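Here the structure is laid out as structure tokens; the discussion comes afterwards.
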Ligand SMILES: Cc1cc2nc3c(=O)[nH]c(=O)nc-3n(C[C@H](O)[C@H](O)[C@H](O)COP(=O)(O)O)c2cc1C
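Residue numbers (this note's numbering): 36 to 246.
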């Protein structure tokens, strides 16, 4: 497993040119949904939502507000990773209810956690909550990138787009969401020259220290 994982991480790269003829199977798509569902998050709140962008016109429009990155139209699949714009009390209660019911607990056993969650999140201002929620989307991105590498699926993480324009295009604000990241998934084109480039990474001695 260790060797497989390291090989997969060397194999993956941020694909610039996809094979437009390749389509992910429904089974792969289902697997990716499970991977994203299993993403860890603070308090397990999962303050995110993932949109499969399948409509070709929407993909063309998204490309225009994403530096014209061709991956958005050529990749088999495009996922928009969105974060919730707030965390209201209903959302918090629904999460605690889910935890209680999933783990077959009594309300008495979980009421301390419920109160703590309301107090901890109630103490944060709206901007702090936004930033906090956005960070959770990045965790999902990391998880899906590693998983894709292991599944031998190519992927490109993307921040290169105008998030406000995308929010408008997809009417995200009305749904309490903001676009944070795009991840395209598919198969690298045989002539994508980027696959031959050596990985550029800082030396471990610069990245790590021991205290
Ligand atoms: C958060 C994030 C945003 C990125 N945005 C883009 C992007 O908009 N377009 C793109 O082609 N690559 C994008 N990349 C890819 C990086 O440039 C790439 O991961 C980095 O140069 C390391 O190379 P590698 O992933 O090929 O090993 C992004 C990567 C991350 C993690």
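Glycine residues also receive a C-beta, built at the ideal position from the N, C-alpha and C atoms.
Just so you know, these numbers come straight off a predicted model, no measurement behind them.
| Item | Value |
| --- | --- |
| Applying the 10 Å Cβ sphere with the 16-neighbour rule, what's the burial state of residue 205? | buried |
| Between residue 172 and residue 118, is the Cβ-Cβ spacing less than 7 Å? | yes |
| Measure from the alpha carbon of residue 90 to the alpha carbon of each residue in 81, 223, 45 and 110, then state which is nearest. | 110 |
| Considering only residues of the same chain and omitting the five flanking positions on each side of residue 84, which have a CB-CB separation below 6 Å? | 117 and 212 |
| Once DSSP output is grouped into helix, strand and coil, what is the label at residue 103? | coil |
| Could you give the first and the last residue of the continuous beta strand (DSSP E) run that contains residue 44? | Here residue 44 belongs to no beta strand (DSSP E); instead the alpha helix (DSSP H) covers 37-46. |
| Where does residue 126 sit, in a helix, a strand or coil, going by DSSP? | helix |
| Mind the definition here: the region 135-143 touches the region 57-64 only if three or more C-beta pairs lie below 8 Å; say whether that holds. | no |
| Is residue 191 near residue 106, with beta carbons less than 7 Å apart? | yes |
| Would you mind reading off the limits of the alpha helix (DSSP H) that contains residue 166? | 161-185 |
| Could you tell me the alpha carbon to alpha carbon distance between residue 229 and residue 51, rounded to whole angstroms? | 7 Å |
| Checking 7 Å against the spacing of the C-beta atoms, do residue 115 and residue 88 come in under that value? | yes |
| CB-CB under 7 Å to residue 48, same chain, minus the five flanking residues each way: which ones, in chain order? | 229 and 230 |
| Would you kindly report the start and end of the unbroken beta strand (DSSP E) that includes residue 190? | 189-193 |
| With residue 148 as the anchor, note down where its alpha helix (DSSP H) starts and where it stops. | 142-157 |
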